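J.: Before anything else, here's the structure in question.
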Amino acid sequence: MKTAREIIETYDGPKVRIMEVCGTHTHEIFRLGIRKLLPKQVELISGPGCPVCVTPVSFIDEAIYLALEKDVTICTFGDLVRVPGTKMSLAGAREQGAKIHVVYSPADAEKYAKEHSEEQVTFLSVGFETTTPAGCLSVKAAREDHLDNYSILVANKTMPQAYEKLKNSADVFLYPGHVNAITGTRLCEDLTKEGISGVVAGFTAKELLTALAVSLVKFQEGKPFFVNCYPRVVTRDGSKEAQVLVDEMMEACDCEWRGLGIIPKSGMKLRKEWQDFDARIKYQMPKIEGKPNPACRCGDVLQGKCKPSDCKVFGKGCTPQHPVGACMVSGEGACSAYYQYS
Ligand code: SF4
Numbered sequence: 000m001k002t003a004r005e006i007i008e009t010y011d012g013p014k015v016r017i018m019e020v021c022g023t024h025t026h027e028i029f030r031l032g033i034r035k036l037l038p039k040q041v042e043l044i045s046g047p048g049c050p051v052c053v054t055p056v057s058f059i060d061e062a063i064y065l066a067l068e069k070d071v072t073i074c075t076f077g078d079l080v081r082v083p084g085t086k087m088s089l090a091g092a093r094e095q096g097a098k099i100h101v102v103y104s105p106a107d108a109e110k111y112a113k114e115h116s117e118e119q120v121t122f123l124s125v126g127f128e129t130t131t132p133a134g135c136l137s138v139k140a141a142r143e144d145h146l147d148n149y150s151i152l153v154a155n156k157t158m159p160q161a162y163e164k165l166k167n168s169a170d171v172f173l174y175p176g177h178v179n180a181i182t183g184t185r186l187c188e189d190l191t192k193e194g195i196s197g198v199v200a201g202f203t204a205k206e207l208l209t210a211l212a213v214s215l216v217k218f219q220e221g222k223p224f225f226v227n228c229y230p231r232v233v234t235r236d237g238s239k240e241a242q243v244l245v246d247e248m249m250e251a252c253d254c255e256w257r258g259l260g261i262i263p264k265s266g267m268k269l270r271k272e273w274q275d276f277d278a279r280i281k282y283q284m285p286k287i288e289g290k291p292n293p294a295c296r297c298g299d300v301l302q303g304k305c306k307p308s309d310c311k312v313f314g315k316g317c318t319p320q321h322p323v324g325a326c327m328v329s330g331e332g333a334c335s336a337y338y339q340y341s
């Protein structure tokens, strides 16, 4: 019987495009040298699973508006600080006097608000099903602590709508294991009815090789498939506790993704009962249209339409030290992975 590695190395079936939905998969596949094992007809393409990368320019502009126009202290994950907005990044806003505080979790942001009652504090809530519950918990804690100086600027997204939007971009999706740990696998099973194939993948070398080998074997059978290759963490039902929490506090809304445009019902926003903590409502946010740098092809990279190295400024005008787009900033970004490993 062949090992997963042998199945991959000896694959002689039809050409297949496999999309690494998750940025961590992109980085791990590079880092572990798995790309070097792939025969020519197996193409790996990057997808929209890096939360910082898919957050649109307009969101950065909104955060800068709050910081500079409303004197709000912005609490954020470090990656977002250097993502270019239309005119500047949050780092640039900091140089102009904005208070930008880096945190490791929404709970840290809520704690900061509690300890700094003289400041208005907003947490930049980005990410997918994995991180949304923590944002909700911070809001719950703020209500329990009777804070009136804490809010969140929400750009949380849900993945299934993105798979549908991208269904013609890839033959097989490598589903992100940590998202499926929360959502379960029923949604992925349902996607096979729409002709969308995929496998849930873990993050170790063995798990990634297994997921790729299973993808290649099933792809040759010629019909849509789904396999959970990360059963030690991912179950069919996912985390009911997290699902109930998010459903209690948030509802679906249309949402803009960098490169993919507005995808109906692919975003989350706080329900009416929690709107005191919604920064857009609290500060009566005006409509802000962000404009990405025209040289940047992050939008195409995130849809698997081009490789980072196809971008004219890759490695020249755009490097991790001087990023032009979000995909070079983020530790999970495809451009950053290509720059680091290729
Ligand atoms: Fe954007 Fe830089 Fe990537 Fe080009 S290399 S797509 S400018 S992040």
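Each residue of the sequence shown is one higher than the last, beginning at 0 in numbering that gives the first Met the number 0.
Where is the CB? At the ideal position from N, CA and C, for every residue including glycine.
Just so you know, these numbers come straight off a predicted model, no measurement behind them.
Is the number of C-beta pairs between the region 158–176 and the region 262–274 that are closer than 8 Å three or more?
T.: Counting Cβ pairs under 8 Å, three or more are found: they touch.
J.: Since GLY376 and ILE28 should fall inside the 8 Å C-beta cutoff, what is the C-beta to C-beta distance between them, to a whole number of angstroms?
T.: Residue 376 falls outside the range modelled here, since the chain spans only 0 to 341, and no answer is possible.
J.: Sort ALA294, LEU65, GLY258 and GLY330 by Cα distance to TYR149 and report the nearest one.
T.: Comparing Cα positions, the closest option is LEU65.
J.: Who does CYS74 pair with in a DSSP beta bridge?
T.: Paired residue(s): HIS100 and PHE122.
J.: For ASP277, count neighbouring Cβ atoms within 10 angstroms of its own Cβ and tell me buried if that reaches 16, exposed if not.
T.: The residue in question, ASP277, is buried, as its Cβ has 16 or more Cβ neighbours within 10 Å.
J.: So VAL171 is in the alpha helix (DSSP H); what residue range does that whole segment cover?
T.: No alpha helix (DSSP H) contains VAL171, which is instead part of the beta strand (DSSP E) from 171–175.
J.: When you compare only the Cα positions, how much space is there between CYS297 and LEU190?
T.: Those two C-alpha atoms are separated by around 26 Å.
J.: Between GLU118, MET0, VAL101 and VAL80, which has its C-alpha nearest MET327's C-alpha?
T.: With distances taken between Cα atoms, MET327 lies closest to VAL80.
J.: Only counting the same chain, and skipping five residues up and downstream in sequence, which positions put a Cβ closer than 6 Å to that of GLY201?
T.: Cβ within range, chain order: GLY176 and TYR229.
J.: Under DSSP, the alpha helix (DSSP H) around TYR64 begins and ends at which residues?
T.: Where TYR64 is concerned, the enclosing alpha helix (DSSP H) stretches over 56–68.
J.: What are the start and end residues of the alpha helix (DSSP H) that includes CYS49?
T.: CYS49 -> no alpha helix (DSSP H), and no H or E assigned at all.
J.: Let me confirm a value: PRO50 is counted as buried when at least 16 other C-beta atoms fall within 10 Å, else exposed. Which label applies?
T.: When all chains shown are included, PRO50 counts as buried.
J.: Around the C-beta of VAL243, are 16 or more other C-beta atoms found within 10 angstroms, so that it is buried, or is it exposed?
T.: Exposed.
J.: State yes or no: is the C-beta of CYS334 nearer than 7 Å to some heavy atom of the ligand SF4?
T.: Checking every heavy atom of the ligand SF4 against the Cβ of CYS334, one is found closer than 7 Å.
J.: When you compare the CB positions of GLY324 and CYS295, do they come within less than 8 Å of one another, or not?
T.: Cβ atoms of GLY324 and CYS295: closer than 8 Å.
J.: Determine the direct distance from the alpha carbon of LYS1 to that of GLY266, and round the result to whole angstroms.
T.: Distance between the alpha carbons of GLY266 and LYS1 is about 42 Å.
J.: Grab me the residues of GLU206's own chain with a C-beta within less than 7 Å of its C-beta, minus the 5 sequence neighbours each way, in chain order.
T.: Closer than 7 Å at Cβ, skipping near neighbours: ALA200, CYS228 and TYR229.
J.: Is it the case that the CB of GLY176 approaches a heavy atom of the ligand SF4 more closely than 7 Å?
T.: Answer for GLY176: no, Cβ out of range of the ligand SF4.
J.: Just the C-alpha distance for PHE122 and PRO83, rounded to the nearest angstrom, thanks.
T.: Whole-angstrom Cα-Cα distance: 18 Å.
J.: Just list the alpha helix (DSSP H) runs in the region 223–298, keeping only unbroken ones of 4 residues or longer that don't cross its boundaries, in chain order.
T.: Complete alpha helix (DSSP H) runs here, min 4: 239–248 and 278–281.
J.: Nearest to ILE287 by alpha carbon, out of THR85, GLY46 and LEU67?
T.: Among THR85, GLY46 and LEU67, the Cα nearest to that of ILE287 belongs to THR85.
J.: Express the C-alpha separation of ASP147 and MET18 in angstroms, rounding to a whole number.
T.: One C-alpha to the other measures close to 43 Å.
J.: Return yes when the Cβ of LEU215 is within less than 8 Å of the Cβ of VAL15, no when it is not.
T.: The answer is yes: Cβ separation under 8 Å.
J.: Could I get the ranges of all uninterrupted alpha helix (DSSP H) runs contained in the region 165–210, with 4 residues as the minimum, in chain order?
T.: Within the region 165–210, the complete alpha helix (DSSP H) runs of at least 4 residues are 176–182 and 185–192.
J.: How do the region 233–248 and the region 184–198 stand: do at least 3 beta-carbon pairs fall below 8 Å, yes or no?
T.: A contact exists between the region 233–248 and the region 184–198.
J.: For the ligand SF4, is there any heavy atom lying closer than 7 Å to the beta carbon of PHE313?
T.: Because some heavy atom of the ligand SF4 lies under 7 Å away, the Cβ of PHE313 counts as near it: yes.
J.: Give me the Cβ distance between GLY134 and ALA180, rounded to the nearest whole Å; I'm assuming they're in contact under 8 Å.
T.: Not a contact, Cβ separation roughly 17 Å.
J.: What is the C-beta distance between ALA212 and THR25, in whole angstroms, given that I count them as a contact (C-beta under 8 Å)?
T.: Incorrect: roughly 18 Å between the Cβ atoms, too far for contact.
J.: Starting from the C-beta of GLU118, find all residues in its chain whose C-beta is less than 6 Å away, skip the five residues before and the five after it, and write them out in chain order.
T.: Cβ neighbours of GLU118 beyond the five flanking positions: THR72.
J.: Taking 7 Å as the cut-off, does the CB of GLY194 come closer than this to any heavy atom belonging to the ligand GTP?
T.: Here the bound small molecules are the ligand SF4; the ligand GTP is not part of this structure.
J.: Can you tell me whether LYS281 is buried or exposed, with buried defined as 16 or more other CB within 10 angstroms of its CB?
T.: So LYS281 ends up on the buried side.
J.: Considering Cα atoms alone, identify which of GLY303, SER88 and THR54 is closest to ALA169.
T.: Out of GLY303, SER88 and THR54, GLY303 has the C-alpha closest to the C-alpha of ALA169.
J.: Helix, strand or coil, according to DSSP, for ARG81 in the structure here?
T.: Three-state result, ARG81: coil.
J.: Measuring straight from C-alpha to C-alpha, what distance separates LEU343 and ILE44?
T.: Residue 343 is absent from the model: the chain starts at 0 and stops at 341.
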